[in-house]
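Please read the structure below before turning to the comments.
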Amino acid sequence: MTKTISTHHALIYVMVTIAAVEGHLGDRELKAIGRIVKQLPIFRSFDAEKLTHVAQECGEILQDKEGLEAVFGLAAEALTPKLRETAYALAVEVAASDLAVGKEELRFLAMLRDHLGLDKLVTAALERGAIARYQTE
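Spelled out as structure tokens, the structure:
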């Protein structure tokens, strides 16, 4: 793979990809991505004005037949082991933000877990935390 991306780009690519996995980007998911980029310490040095451009970059990659694999590869290469857990947590957060996690999103999360080499117990804990945050009743 000749292209490399920054840590910020990798995290954003993961969030955009989970948001788009069902074929469209929902308002709640887009707002969640924007909120995450503006609030989390990992994005402190990222210019939030560039978010749209980075999301469009990711969309262009995903248009390719092997786009999903490319995103996984770029993210795995750009992220440290600790930030791979962060990427997974952010993907779960975006998926849960529309209050319904579909089959495509669950499949994406399983693929992401495998590509990033994450422990199933760790990912289950991250998923459970997001479920607790987005409970409505």
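Each number in the working numbering corresponds to the 1-based position in the sequence shown with 99 added.
Glycine is no exception: its CB is placed at the ideal position from the N, C-alpha and C atoms.
Computed from a prediction, not measured in an experiment: that's the story for all the values here.
| task | Flag this pair as touching only if the segment 220–230 and the segment 179–190 have three or more C-beta atom pairs under 8 Å; answer yes or no. | result | yes
| query | Can you tell me whether Leu150 is buried or exposed, with buried defined as 16 or more other CB within 10 angstroms of its CB? | reply | buried
| request: Would you mind sorting Ala209 into buried or exposed? The rule is 16 or more other CB atoms within 10 Å of its CB. | output: exposed
| request: Determine the closest residue to Thr179 out of Ala118, Glu121, Ile135 and Ile141, with distance taken between C-alpha atoms. | output: Ile141
| request: Measure the alpha-carbon distance for Met100 versus Val193 and round it to whole angstroms. | output: Its pLDDT being 47, under 50, Met100 is placed unreliably by the model, and the measurement read from it follows with that caveat. Cα to Cα, Met100 sits roughly 27 Å from Val193.
| said: Here's the rule: buried if 16 or more other CB atoms are within 10 angstroms of the residue's CB, otherwise exposed. What is Thr235? | reply: exposed
| said: Would Leu167 pass as an interface residue toward chain D - the criterion being a Cβ-Cβ separation below 9 Å? | reply: Protein chains in the displayed structure number just one, and chain D is not present.
| Along the chain, where does the alpha helix (DSSP H) that runs through Gln235 open and close? | Position check: residue 235 holds Thr in this sequence, whereas Gln was assumed. Note, Thr235: premise wrong, no alpha helix (DSSP H); not H, not E.
| If you draw a straight line from the C-alpha of Arg134 to the C-alpha of Ser196, how long is it? | 11 Å
| task | Using 10 angstroms around the beta-carbon of Ala264, count the other beta-carbons present and answer buried if the total reaches 16, otherwise exposed. | result | The question about residue 264 has no answer, for the chain in this structure spans 100 to 236.
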